[in-house]
Each structure stands twice: as C-alpha cells, then as structure tokens.
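Quick note: the sequence shown uses this note's numbering, first residue 118, plus one each step.
Read through the structure below, which is laid out as structure tokens, and then see the notes.
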Amino acid sequence: MIQDALSKLPSGEPEFPSSPSELPDRVFQGYQRLIYREAGIYLAPTKKALLVGRLSRRLRELGGPSFGTYLRQVEEDAEERLRLLDAICTHETRFFREARHFEFLEQEVLPRWRAQGHPGSGARRVRAWSAGCSTGEEAFSLAMVLRLHLPAEEGWQIEIVATDLSTRILDRARQMLWPVERAQEIPTRYLKAFMLRGTGSQEGWMKAGPELRPLVRFQRLNLNDERYPTLGRFDLLFCRNVFIYFDAASKGRALDRLVDHLSPRGFLFVGHAESLGGLTQRVRLVQSTIYAPGLAG
Ligand SMILES: C[S@@+](CC[C@H](N)C(=O)[O-])C[C@H]1O[C@@H](n2cnc3c(N)ncnc32)[C@H](O)[C@@H]1O
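What follows is the structure in structure tokens.
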C-alpha cells in the first residue's frame with residue numbers, strides 16, 4: 118500500500134525538505150501508517166514538523182536520501198526501522214518524576230506491605246515493572262524507594278523489570294550511569310544511601326551503587342506488540358508518559374495487556390496527563406493517576 122502511495126508521488130519531490138510543508142502528504146501518511154502499525158504511536162497531521170525535525174539528522178548521516186526513499190528503506194530493513202522509531206519517540210525522563218507517586222508508596226503502600234510481610238505472589242517479594250523506562254531513572258527511583266523501605270536484612274527480595282521499545286536507549290540505561298548534575302533530582306536520603314560519584318574515566322557521572330544494580334533488569338519490549346512475552350505478575354506497574362502519542366485504540370489494547378500483568382494487590386501508575394477513563398473497566402481509581410485492579414466505578 119505504501120509502495121503504491123509512493124509510486125504516485127508527484128515528480129520533483131524535494132530531495133530533502135527544508136521545511137515540513139515541503140514533505141509530500143503521501144510520504145507523511147506512509148510514515149504515519151508504519152509508525153502506528155509498529156509502535157501504536159499516532160502522528161497527527163500536525164506532527165509533520167516533528168517528523169521532519171527528528172528524521173533530518175539520520176537522513177543526513179545516510180548521505181541525504183529523500184524522505185520517500187528512506188520510507189522504502191525502513192519498510193524493508195528491521196534495524197533501520199528501530200532507528201526510525203527511536204528518533205520519533207520522546208525519551209525525556211528524570212529521577213522521582215511525579216514525586217506524589219513515590220510518596221504514595223512511601224506512606225501508604227510499603228509500610229502496609231512490610232507489616233503484612235506478604236505483598237504479592239511470594240512472601241517478602243516485590244516485583245515492579247517500569248514499562249517505557251527510557252534511560253532508567255524511573256526504574257532506579259523505584260529501586261531506591263523499595264530497597265530503603267523493604268530492607269534486604271528482613272529478607273525482602275526486589276525485582277524490577279525495565280522495558281522500552283528503543284534498543285539505543287536501553288544500551289544507555291544498562292550502563293546505570295547519569296550525568297552528575299542529575300543527582301539534584303534525588304532526595305538526599307536516597308542519594309546518600311545508594312548512588313556513587315564516578316571517578317577516573319567516570320568523572321562527571323553518577324552511578325547506581327552495588328545494592329541497586331542487581332535489582333533492575335532491562336529488556337526490549339514493544340507495548341504495541343500483541344505477542345510480547347508475558348513477564349508474570351507485578352505488584353507495581355509504572356507506565357508513565359508512554360501512551361502520550363498513542364491513539365485511544367492502540368492505548369486501549371496496550372493497556373488491556375498491561376492490566377493482565379497486575380497482581381491482585383498491585384497498583385498501576387500512569388503519567389500526570391494520562392487518564393484511563395473509558396479505556397478499561399478492569400481497574401479502579403485509587404487517587405489521581407494511580408489505579409488498582411477492580412471494577413471501575
Ligand atoms: C517520555 S519517556 C517516559 C519515561 C518514563 N516512563 C517517565 O515517565 O519518565 C517514553 C518512553 O516510552 C518508550 N515507548 C514509546 N512507545 C513505546 C512502545 N510502543 N513500547 C515500549 N516503549 C515505548 C519510548 O522509547 C520512551 O523511552
């Protein structure tokens with residue numbers, strides 16, 4: 118279908134649109150379909166400038182093929198398709214983003230679990246999933262909060278699975294290193310307890326300390342892929358600021374599979390601008406952007 122659309126391209130397609138308006142609609146629609154099919158991300162027509170802006174650098178690196186030629190290439194080349202998706206996605210993140218979510222854990226959830234000693238599937242075991250983890254700040258914020266409030270000396274086991282669509286971003290996340298300025302985002306008690314200042318070749322970097330590193334496992338996972346491997350049940354499921362560019366249909370489908378992974382005592386956290394209203398009946402609102410399994414009211 119895309120080939121078809123491209124064969125009808127008006128002659129004289131500019132080799133490299135310098136402004137979004139020069140990108141033919143048919144080519145834009147080809148990208149729109151491919152990105153939606155692959156990642157569930159819906160690029161509204163108003164996102165033409167975003168597409169041009171984010172792909173221009175890659176096209177320059179490749180010697181300046183036209184947007185139409187590059188579209189044909191990504192249709193055939195899975196590796197290059199990953200690069201395209203990586204360029205399109207927003208990876209912005211920070212430690213303790215939306216502090217309210219972590220306060221909810223510190224004040225309401227973890228003291229209760231600790232007292233009960235049996236939060237999820239196994240005694241003294243907590244599983245968390247950071248779905249759409251970007252460079253790992255969310256997963257490591259969770260690791261710090263869980264480790265401090267559920268101490269290893271009391272026998273608590275913590276497992277955090279951190280997944281993302283982008284292989285490039287996961288390579289960065291696996292290093293568990295962040296520019297040292299990012300330390301400002303971390304409350305002092307956690308920073309002192311768990312993070313290390315890099316030295317030598319890691320001067321200027323902050324790294325996750327030895328207590329945290331084994332808690333987090335990174336894995337590539339496309340939330341739009343209906344056949345992604347099941348990861349088991351999670352007590353905490355963070356999927357924040359990932360569905361921003363999904364449309365209602367792709368968001369609803371992805372969400373339904375996410376909810377399958379929620380343990381009966383679990384909580385699902387979404388981004389501050391994301392509401393699940395009308396998308397699923399299988400979770401109930403506990404507080405703004407925090408959900409638990411159960412029938413929506
Ligand atoms: C804006 S970041 C959010 C990071 C973190 N959750 C937070 O709230 O700070 C969104 C991440 O979702 C990932 N993403 C986008 N579409 C995805 C999909 N279909 N499957 C998995 N991850 C996806 C992107 O690669 C990006 O790293």
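Virtual Cβ for every residue (Gly too), placed ideally from N, Cα, C.
Quick caveat, the model's predicted, so the values are computed rather than measured.
Quick one: grab the DSSP three-state call for residue i.
i, result
"W230", "helix"
"Y153", "helix"
"T280", "strand"
"L140", "coil"
"Y408", "strand"
"F212", "coil"
Could you compute how far the alpha carbon of residue i sits from the alpha carbon of residue j?
i, j, result
"R344", "L385", "21 Å"
"R143", "E215", "39 Å"
"I361", "A161", "12 Å"
"Q404", "A256", "21 Å"
"D288", "E209", "16 Å"
"L375", "E276", "17 Å"
"S380", "F145", "41 Å"
"H218", "I407", "8 Å"
"P331", "T284", "20 Å"
"S238", "G272", "Any reading at S238 needs caution, since the residue's pLDDT is 47, under 50, leaving its predicted position unreliable; the model's value is listed next. Approximately 15 Å between the Cα atoms of the pair."
"Y187", "E139", "16 Å"
"L338", "G388", "19 Å"
"V359", "A248", "8 Å"
"L293", "K324", "At residue 293 the sequence reads Met, which differs from the Leu that was named. C-alpha separation (whole angstroms): 6 Å."
"D121", "A310", "In this prediction, D121 has a pLDDT of 34, which is less than 50 and means its spatial position is unreliable; what the coordinates show is noted afterwards. Each residue's alpha carbon lies about 59 Å from the other."
"R154", "R306", "44 Å"
"E328", "D281", "23 Å"
"Q398", "T207", "28 Å"
"A413", "C356", "19 Å"
"V400", "P410", "4 Å"
"Q319", "R150", "42 Å"
"G234", "L167", "48 Å"
"A260", "F335", "13 Å"
"K346", "L222", "The sequence shown places Pro at residue 346, rather than the Lys named in the question. So the two alpha carbons sit approximately 28 Å from each other."
Can you give me the start and stop residues for the alpha helix (DSSP H) that residue i sits inside?
i, result
"S380", "It is not in any alpha helix (DSSP H) - S380 instead sits in the beta strand (DSSP E) that spans L379 to V387."
"R350", "Run containing R350: none; DSSP gives neither H nor E here."
"K165", "K165 to E178"
"S258", "E254 to H266"
Answer with yes or no whether the minimum CB distance from residue i to chain C is below 9 Å.
i, result
"Q146", "Of the protein chains in the structure, only one exists, and it is not chain C."
Quick check on the burial criterion: 16 or more other C-beta atoms within 10 angstroms. Buried or exposed for residue i?
i, result
"P141", "buried"
"A195", "exposed"
"D352", "buried"
"A290", "buried"
"R264", "buried"
"G147", "buried"
"G253", "buried"
"S258", "buried"
"E298", "exposed"
"E132", "With a pLDDT of 48 at E132, under the threshold of 50, the modelled position of that residue is not reliable, and the figure given next carries that caveat. It counts as exposed."
"T163", "exposed"
"A390", "exposed"
"L179", "exposed"
"G383", "buried"
"R177", "exposed"
"S251", "buried"
"G185", "buried"
"A240", "exposed"
"G321", "exposed"
"R314", "exposed"
"S367", "buried"
Grab the span of the beta strand (DSSP E) containing residue i for me, first residue to last.
i, result
"S247", "R242 to A248"
"V359", "Unbroken run through V359: none, as it is neither H nor E."
"P190", "The question names Pro, but residue 190 is Gln in the sequence shown. Where Q190 is concerned, there is no enclosing beta strand (DSSP E), although the alpha helix (DSSP H) it sits in stretches over F184 to E193."
"L402", "V400 to Q404"
>> Runs of 4 residues minimum, wholly inside the stretch 295-343: which ones carry the alpha helix (DSSP H) assignment?
In response: 305-311
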